[in-house]
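K.L.:
Let me begin by handing over the structure; questions about it come next.
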Amino acid sequence: MLASRVQRLTPHGIDRAFAAARADPEVLELHHFETDLAPPEAALRVTRERLAGREANSYLPTRGTAELRDAIAAHLQRRLGVAYDPEHEIVVTAGGLEGVFDVLLTTVDEQAEVIVPDPTFTGLLNRVRLAGGVPRHLPFVVADGEWRLDVERLEEAITARTRAVLIANPSMPTGAVLNDEEWSAIARVCREHDLWLIYDAAMEAIVYDGRPRLHPLNYEGMRERTFVVGSLSKEFRMVGWRIGWIAGPEESMESLHRVVANVGSGAPAIAQAAGAAVLSQNDEADLQRALVEWTARRDAIAAQLAEFGVVPAAGGWSCALDVSQFGLDAGEAVKLLMGRSKIAATSLKLSGETYGATLVRFAFGCEPVDRLSRVGSGVRAALAG
Numbered sequence: 001m002l003a004s005r006v007q008r009l010t011p012h013g014i015d016r017a018f019a020a021a022r023a024d025p026e027v028l029e030l031h032h033f034e035t036d037l038a039p040p041e042a043a044l045r046v047t048r049e050r051l052a053g054r055e056a057n058s059y060l061p062t063r064g065t066a067e068l069r070d071a072i073a074a075h076l077q078r079r080l081g082v083a084y085d086p087e088h089e090i091v092v093t094a095g096g097l098e099g100v101f102d103v104l105l106t107t108v109d110e111q112a113e114v115i116v117p118d119p120t121f122t123g124l125l126n127r128v129r130l131a132g133g134v135p136r137h138l139p140f141v142v143a144d145g146e147w148r149l150d151v152e153r154l155e156e157a158i159t160a161r162t163r164a165v166l167i168a169n170p171s172m173p174t175g176a177v178l179n180d181e182e183w184s185a186i187a188r189v190c191r192e193h194d195l196w197l198i199y200d201a202a203m204e205a206i207v208y209d210g211r212p213r214l215h216p217l218n219y220e221g222m223r224e225r226t227f228v229v230g231s232l233s234k235e236f237r238m239v240g241w242r243i244g245w246i247a248g249p250e251e252s253m254e255s256l257h258r259v260v261a262n263v264g265s266g267a268p269a270i271a272q273a274a275g276a277a278v279l280s281q282n283d284e285a286d287l288q289r290a291l292v293e294w295t296a297r298r299d300a301i302a303a304q305l306a307e308f309g310v311v312p313a314a315g316g317w318s319c320a321l322d323v324s325q326f327g328l329d330a331g332e333a334v335k336l337l338m339g340r341s342k343i344a345a346t347s348l349k350l351s352g353e354t355y356g357a358t359l360v361r362f363a364f365g366c367e368p369v370d371r372l373s374r375v376g377s378g379v380r381a382a383l384a385g
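Positions 1 to 385 (full-length UniProt numbering) are the ones given, in order, by the sequence shown.
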């Protein structure tokens with residue numbers, strides 16, 4: 001008999017979709033959340049240079065190398081104007097999602113509730129469940145052509161069991177970017193109800209149309225109750241290096257480090273020097289070049305899907321189509337998109353309580369503009385016929 005915790009997890013079908021898409025080069029790969037843009041040159045160069053060294057084949061300190069933790073602290077200071085002690089307030093993890101899981105294991109008891117946006121990435125929901133927690137959904141709503149968090153319902157989502165708010169910004173799958181009103185409301189309830197904020201910051205620099213990069217640490221009282229979970233996978237296009245980090249209040253980090261050391265024994269040694277090099281070079285021009293291309297892709301898919309009422313992504317690499325307008329649910333729609341139009345997309349029926357059954361995610365990070373030009377006709381042929 002398998003453990004009961006496994007029964008809490010929603011199915012994970014992305015590997016099957018990936019295999020089907022890669023078997024046919026005509027398939028538009030809008031189903032998986034990564035990008036085809038090359039990593040920074042420094043990542044490739046330093047990885048090659050360090051391959052033969054003893055340090056590249058070691059467990060290393062389970063907190064991460066001092067070199068990488070120093071680089072993370074400097075990165076956070078530049079970006080946020082907030083100082084973190086690299087020795088006592090930063091721990092390196094094997095990617096950002098492991099970092100989220102480690103924080104949940106540290107802060108959430110069995111049956112404790114964690115407030116999450118609705119819809120949200122199922123990988124975050126499953127990590128809440130695997131840690132023994134219960135997701136408590138706070139819906140997004142569409143207002144003035146944008147996805148906005150329904151902060152008026154935030155207070156009513158809190159119960160005696162609530163321990164944390166878990167949120168990524170930009171949010172996936174909607175592409176929503178939180179504004180000052182939303183962050184202020186989140187900060188207020190965290191302070192008033194003594195909640196942790198678990199902030200998935202992996203995509204925080206990928207925002208469009210000149211939107212400001214707001215950060216929860218810049219709100220009163222949030223430094224001491226926020227765990228910032230960062231990653232090299234998105235902004236720096238280093239998915240395969242599996243480098244993430246957690247920055248948090250010193251009094252909690254020793255306990256968190258014990259969890260990290262026992263969950264994964266540290267991040268890949270072979271990747272940490274490259275991570276330090278990329279963060280230390282602080283190449284804003286590299287990020288801007290990537291943003292130009294991602295913006296073009298966002299604009300292309302937004303134009304293709306405008307007739308179907310899709311809200312353009314304010315940040316990140318994805319947007320969501322409501323297929324109820326075709327009389328379909330999300331599962332039916334993704335099968336038709338693949339079978340009739342060779343478009344691989346993702347059903348969001350397990351991503352929340354409000355919309356999920358009829359939402360389909362399109363992730364545009366891996367497809368160039370010219371290939372995205374057939375998305376609109378493909379949706380019409382597959383779903384509106």
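A virtual CB, placed ideally from N, CA and C, is assigned to each residue, including glycine.
Measure the C-alpha to C-alpha separation of residue 295 and residue 372 and round it to an integer number of angstroms.
P.N.:
Cα to Cα, residue 295 sits roughly 13 Å from residue 372.
K.L.:
For my contact list, residue 222 and residue 187 are in at a C-beta cut-off of 8 Å; report their separation, rounded to the angstrom.
P.N.:
Yes, they are in contact, since the Cβ atoms of residue 222 and residue 187 sit about 5 Å apart, within 8 Å.
K.L.:
Using only alpha-carbon positions, find the residue among 274, 358, 226 that is nearest to residue 403.
P.N.:
In the structure as shown, the chain starts at 1 and stops at 385, and residue 403 therefore has no counterpart that could be examined.
K.L.:
Would you mind sorting residue 395 into buried or exposed? The rule is 16 or more other CB atoms within 10 Å of its CB.
P.N.:
Because residue 395 is not part of the residues shown, which for the chain are 1 to 385, the question remains open.
K.L.:
Identify whether residue 29 lies in helix, strand or coil by the three-state DSSP scheme.
P.N.:
Note: residue 29 maps to strand in three-state DSSP.
K.L.:
Evaluate residue 403 with the Cβ neighbour count: other Cβ atoms within 10 Å of its Cβ, from every protein chain shown; 16 or more gives buried, anything less gives exposed.
P.N.:
Because the chain in this structure spans residues 1 to 385, residue 403 falls outside the shown range and cannot be described.
K.L.:
Locate the beta strand (DSSP E) running through residue 113, then write down its first and last residues.
P.N.:
Residue 113 -> beta strand (DSSP E) spans 113-118.
K.L.:
With contact counted as at least three CB pairs below 8 Å, one residue from each stretch, are the stretch 135-152 and the stretch 86-99 in contact?
P.N.:
With a cut-off of 8 Å, the stretch 86-99 and the stretch 135-152 do not count as touching, because too few Cβ pairs lie within range.
K.L.:
For residue 91, name the three-state secondary structure that DSSP assigns.
P.N.:
Residue 91 falls in the strand class under three-state DSSP.
K.L.:
Quick one: give me the first and last residue of the alpha helix (DSSP H) that residue 101 is part of.
P.N.:
Taken as a continuous stretch (DSSP letters only), the alpha helix (DSSP H) holding residue 101 covers 96-107.
K.L.:
When you compare only the Cα positions, how much space is there between residue 152 and residue 189?
P.N.:
So the alpha carbons of these two residues sit roughly 11 Å apart.
K.L.:
Looking only at its own chain, which residues have a Cβ that is under 7 Å from the Cβ of residue 256, when we skip the five neighbours before and after it?
P.N.:
Excluding positions up to five away in sequence, the list reads 91, 102, 103, 106, 246, 248.
K.L.:
Quick one: residues in its chain with C-beta nearer than 6 Å to the C-beta of residue 36, no 5 flanking neighbours on either side, listed in chain order?
P.N.:
Here the set comprises 366.
K.L.:
Helix, strand or coil for residue 321 per DSSP?
P.N.:
Residue 321 falls in the strand class under three-state DSSP.
K.L.:
Hey, would you say residue 383 sits closer than 8 Å to residue 323, going by beta carbons?
P.N.:
Against a cut-off of 8 Å, the Cβ pair of residue 323 and residue 383 comes out as a contact.
K.L.:
Report yes or no: do the stretch 276-290 and the stretch 62-77 share at least 3 C-beta pairs separated by less than 8 Å?
P.N.:
In short, these stretches touch, since the Cβ pair count reaches three.
K.L.:
Go to residue 200, then tell me how far its alpha helix (DSSP H) extends in each direction, as first and last residue.
P.N.:
Element bounds for residue 200: not the alpha helix (DSSP H) but the beta strand (DSSP E), 196-200.
K.L.:
Quick check: the stretch 75-82 against the stretch 284-294, are there 3 or more CB pairs under 8 Å?
P.N.:
With the cut-off at 8 Å, the stretch 75-82 and the stretch 284-294 do not touch.
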